[in-house]
Amino acid sequence: MGVGYTLDYLSGLLGNGHKKRRQMQTVELKVRMDCEGCELKVKNALSSMRGVKSVEINRKEQKVTVSGYVEANKVLKRAQSTGNKSEVWPYIPYNLVMNPYTAQVYDKKAPPGYVRKVDNTTATTTMNYQDDHYIAMFSDDNPNSCSIM
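Count along the sequence shown from 1, then add 139; that gives the number in our numbering.
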């Protein structure tokens, strides 16, 4: 960390103060690709961008992952310029969602193990006192909770 950090610090002091340095980030996109030609066209277009370190393509999931010193909106525009339908990756892993089968979250087109990424306020339902009462009535913590059994 010593010499490299010192050189970065000194170049920051001596360089132009108004120039903003880009952060390393990973951008995930959903790009419609049907064949190897589409895949190659998208890969060449994205890898030729300035600051791109790696481009990974998973044609089965229609997923493109770009890593480097790039901005997400510029990567999206470059992917759209290839003529393929492109959007920011709209899915998150299944286990990160509280209710994965609600209408807004569940998507039949999602790859296995993923659900659609939505705002938490729209996806979750509010629980009122009556619902809480029914949950407590059939709790496994209380052995006398279920009188039906």
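Backbone N, C-alpha and C fix where the C-beta goes; we use that ideal spot for every residue, glycine too.
Open item on the list: Short of 6 Å in beta carbon distance, which residues of its chain neighbour K180, apart from the five on each side in sequence? Order them along the chain.
Closed with: For this step, residue 180 is matched to residue 41 along the sequence shown. Same-chain partners within the cutoff: T221.
Open item on the list: Quick check: A230 and K199, are their CB atoms within less than 8 Å of each other?
Closed with: Reading the sequence shown from its first residue, position 91 is the one you call residue 230. Reading the sequence shown from its first residue, position 60 is the one you call residue 199. Looking at the sequence itself, residue 230 is Tyr, so the reference to Ala does not match. No, the pair does not count as a contact, with Cβ atoms beyond the cut-off.
Open item on the list: Assuming Q164 is part of the beta strand (DSSP E), what are its boundary residues?
Closed with: Counting from 1 along the sequence shown, the entry for residue 164 is found at position 25. Note, Q164: beta strand (DSSP E), 164-170.
Task: C-alpha distance - Q162 paired with A211, whole-angstrom precision - done: Numbered from its first residue, the sequence shown carries residue 162 at position 23. Numbered from its first residue, the sequence shown carries residue 211 at position 72. So the alpha carbons of these two residues sit roughly 11 Å apart.
Task: Cβ-based neighbour list, N223, same chain, cut-off 7 Å, excluding 5 preceding and 5 following - done: Here the question's residue 223 lines up with position 84 in the sequence shown. Excluding sequence neighbours, N223 sits near V170, R171, M172, C177, V181.
Task: Alpha-carbon spacing of A249 relative to D147, whole angstroms - done: Here residue 249 refers to the residue found at position 110 when the sequence shown is read from its first residue. Here residue 147 refers to the residue found at position 8 when the sequence shown is read from its first residue. When rounded, the distance between both Cα atoms is 43 Å.
Open item on the list: Contact criterion: CB-CB distance below 8 Å. Does V205 meet it with respect to chain C?
Closed with: Of the chains in the structure shown, none is chain C; there is only one protein chain.
Task: As assigned by DSSP and simplified to three states, the class of Y148 - done: Here residue 148 refers to the residue found at position 9 when the sequence shown is read from its first residue. Of the three classes helix, strand and coil, the one that applies to Y148 here is helix, per DSSP.
Task: Nearest-angstrom beta carbon gap, M237 and V214 [assumed within contact, 8 Å] - done: Locating residue 214 in the sequence shown gives position 75, counting from the first residue. Locating residue 237 in the sequence shown gives position 98, counting from the first residue. 30 Å between Cβ atoms; not a contact.
TODO: Taking N212 as part of the alpha helix (DSSP H), name the residues at either end of that continuous run.
DONE: By one-based count along the sequence shown, residue 212 stands at place 73. Note, N212: alpha helix (DSSP H), 211-219.
Task: Rounded separation between V209 and K247 - CA only - done: Along the sequence shown, read from residue 1 onward, the residue named residue 209 stands at position 70. Along the sequence shown, read from residue 1 onward, the residue named residue 247 stands at position 108. Spanning the two alpha carbons is a distance of roughly 31 Å.
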